[in-house]
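Residue numbering for the sequence shown follows the UniProt record's numbering, starting at 1 and increasing by one per position.
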Amino acid sequence: MSLEDLQKDRSEAALADFSRALALDPDYVWARYQRGQLLRELGHYDDALIDLRHAASLEPDDAPVYAELGEVLRLMRRYEEAVEAFAQAITLRPDYVWALGSRGQSLRALRRHNEALADFTQALEIDPEVAWIIAERGEILRVTGHYEAAVGEFSRALELEADYVWALGHRAICYRELGSYEESLADFNVAIDLTPREAWLFAERGETRRLCEQLEEAVEDLDRAIELAPDYSWALGSRGAAHRTMGHNEAAFVDFARALEIDPAYVWVYMQRGTLCRSLGRHDEAVTDFTRVIELDANHSGAYAERGEIYRLRRQYAQALADFTRAIELRENYAWALGSRGQTYRALNRYDEAIADLSQAFELRPDASWVIAERGECYRLSRRFDEAISDFNHALEMNPQDSWTLSRRGAAYQALKIFEEAYIDLTRAIEIDPENAWALAQRGSLFRQM
1 MSLEDLQKDR SEAALADFSR ALALDPDYVW ARYQRGQLLR ELGHYDDALI
51 DLRHAASLEP DDAPVYAELG EVLRLMRRYE EAVEAFAQAI TLRPDYVWAL
101 GSRGQSLRAL RRHNEALADF TQALEIDPEV AWIIAERGEI LRVTGHYEAA
151 VGEFSRALEL EADYVWALGH RAICYRELGS YEESLADFNV AIDLTPREAW
201 LFAERGETRR LCEQLEEAVE DLDRAIELAP DYSWALGSRG AAHRTMGHNE
251 AAFVDFARAL EIDPAYVWVY MQRGTLCRSL GRHDEAVTDF TRVIELDANH
301 SGAYAERGEI YRLRRQYAQA LADFTRAIEL RENYAWALGS RGQTYRALNR
351 YDEAIADLSQ AFELRPDASW VIAERGECYR LSRRFDEAIS DFNHALEMNP
401 QDSWTLSRRG AAYQALKIFE EAYIDLTRAI EIDPENAWAL AQRGSLFRQM
């Protein structure tokens, strides 16, 4: 074999030599370990597993063999088995930084975040300048909601390795979750310049652009991600959400359907499609999607609230109350669900309960004009007209063009026989929304009463 051939295909040459050595001596542990490691690097995980298990059976006290075995299992997503293998390696060598870091990765994949954090921290106490472990600790902090601390870890990793694309991409995600979109896009731009064929980077940058309403650019990035990885369900879902925001409903439905074909348990896409169906009045389809979310995640408060809203719009009030109540049990300070349950109580003439819910919702969301307007309507229907007008005034300060609230304030003035103010409000409501039948009928009754 010439040197040129060797340089051209070193991996195949190495594999051939290890195999020849093992044909001569099948129990040659070092050759088994080396071939297993190489097979892992080549992506031949099943064959690597055979070699490394054989090596471990021959040398049960060899920590690197167990660590390499754990890494193969981790890459195969057999995380519980990987944790066991890494644990054996760490028992044999407690200061084994790579095994500690890799076990931490496996624990992170199992969402055993505290244990993962402990492994990463222990590894970094032994060697504080391992960039990939610092970045992994940053990712644990990110997924547990400690965004500022996560940014610090990713930044530290990047001080050690300026071109560390994974750390750049995940710091960008962290910035996005903090709402720092400019910083997020800057990191994604650098990462994509370094590795211009990584689908996940285009997808994540596209999602950032979607959230900061750069919708055309978002779709371009997501198109590129899907071109690189046609079965990328996350990118398809995100592109569908961008199309939904742009009003491209059919394109959104196509993307959502394709994403769910690839990943039938993709909760976020069911929520996106269900919300789109609800907005289009396709209530049966929306209920089906939200019910599917609940089947997949029985503690998904948003799905209960969204399904409850459809039941409310259909005047299926018992089902609506059940769903809103379950959503609030799961998320105590869920302002939208509280407000919507308040609307449902109002429809059932249970005004005291409605006022209680709407008051709590307004404490949580004092910028929600519809909530205070709804409470005003409950006061009006309870003949507490002064309180009603006060709430309507507050709502109209926030949203002066709200025909619904103007018409209800007009009715409150009418009940108090303040006819001029009633006429002004009802007329203004009709000017804003000429199809406001309630306001037209109310003004008709005002003309008869004046």
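Beta carbons: idealized from backbone N, C-alpha and C, even for Gly.
Because the structure is a prediction, the values reported are computed rather than measured.
The closest CA to that of residue 184, considering only 136, 151, 285 and 361, is found on 151.
The way I'd put it, the region 240-259 does touch the region 270-286; three or more beta-carbon pairs between them come closer than 8 Å. Rounded to whole angstroms, residue 450 and residue 260 show a C-alpha spacing of 60 Å. For residue 75, the uninterrupted alpha helix (DSSP H) segment begins and ends at 63-75.
Per the C-alpha coordinates, the member of 100, 78 and 277 positioned closest to residue 289 is 277. Within the same chain, 430 come within 8 Å of residue 440 by CB-CB distance, once the 5 residues on both sides are set aside. Apart from sequence neighbours up to five positions away, the residues of its chain that approach residue 307 with a beta-carbon distance below 7 Å are 287, 290, 291 and 323, ordered along the chain. Inclusion of residue 346 and residue 374 in the CB contact set at 9 Å is warranted, their separation being smaller than that value. Counting only unbroken stretches of 4 or more residues, the alpha helix (DSSP H) elements lying wholly within the region 318-356 are 335-347, in sequence order. Ranked by how close their Cα comes to the Cα of residue 397, the residues 330, 309 and 370 have 370 in first place. Of 334, 51 and 305, the smallest CA-CA separation from residue 321 is found for 305.
The C-beta distance from residue 49 to residue 72 rounds to 5 Å, short enough to fall under 8 Å. Sorting 68, 186, 181 and 227 by C-alpha distance to the C-alpha of residue 203 places 227 at the top. When DSSP states are grouped into helix, strand and coil, residue 405 belongs to the helix group. Uninterrupted alpha helix (DSSP H) stretches at least 4 residues long and entirely within the region 375-427 occur at 385-398 and 403-415, given in chain order. When secondary structure is reduced to three states using DSSP, residue 145 falls in the coil class, being assigned neither helix nor strand. Residue 70 sits buried, since 16 or more C-beta atoms from the chains shown fall within 10 Å of its C-beta. Leaving aside the five residues that flank residue 303 on each side, the residues in its chain whose CB is nearer than 6 Å to its CB run, in chain order, 290, 293 and 294.
Nearest Cα to residue 339 within the set 136, 355 and 331: 355. Residue burial is scored here from C-beta neighbours: residue 103 has at least 16 other C-beta atoms within 10 angstroms and is therefore classed as buried.
For residue 298, the three-state secondary structure derived from DSSP is coil. Looking at the backbone, the Cα of residue 229 and that of residue 207 are separated by about 16 Å. Just so you know, the alpha carbons of residue 80 and residue 106 end up roughly 8 Å apart. Residue 162 counts as exposed, since fewer than 16 other beta carbons sit within 10 angstroms of its beta carbon. In the structure shown, residue 214 falls within a coil segment according to DSSP collapsed to helix, strand and coil. Residue 19 is classed as exposed because its beta carbon has fewer than 16 other beta carbons within 10 Å across all chains shown. Residue 116 and residue 140 do touch by the CB rule: their CB atoms are close to 5 Å apart, below 8 Å.
Residues of the same chain with a CB within less than 6 Å of the CB of residue 165, apart from the 5 flanking positions on each side, are 191, 194 and 195 in chain order. In this structure, the alpha-carbon of residue 389 lies about 31 Å from that of residue 279.
Non-local beta-carbon contacts of residue 285 in its own chain, meaning distances under 7 Å to residues more than five positions away in sequence, involve 277 in chain order. Less than 9 Å separates the beta-carbon of residue 75 from that of residue 40. Annotation for residue 436: no alpha helix (DSSP H) segment contains it, and DSSP assigns it neither H nor E.
Note on residue 30: under 16 other CB atoms within 10 angstroms of its CB, so exposed under the neighbour-count rule. Taking a C-beta distance under 9 Å as the contact criterion, residue 392 and residue 361 do not qualify as a contact pair. Under the DSSP assignment, residue 178 falls outside any alpha helix (DSSP H); it carries neither an H nor an E label.
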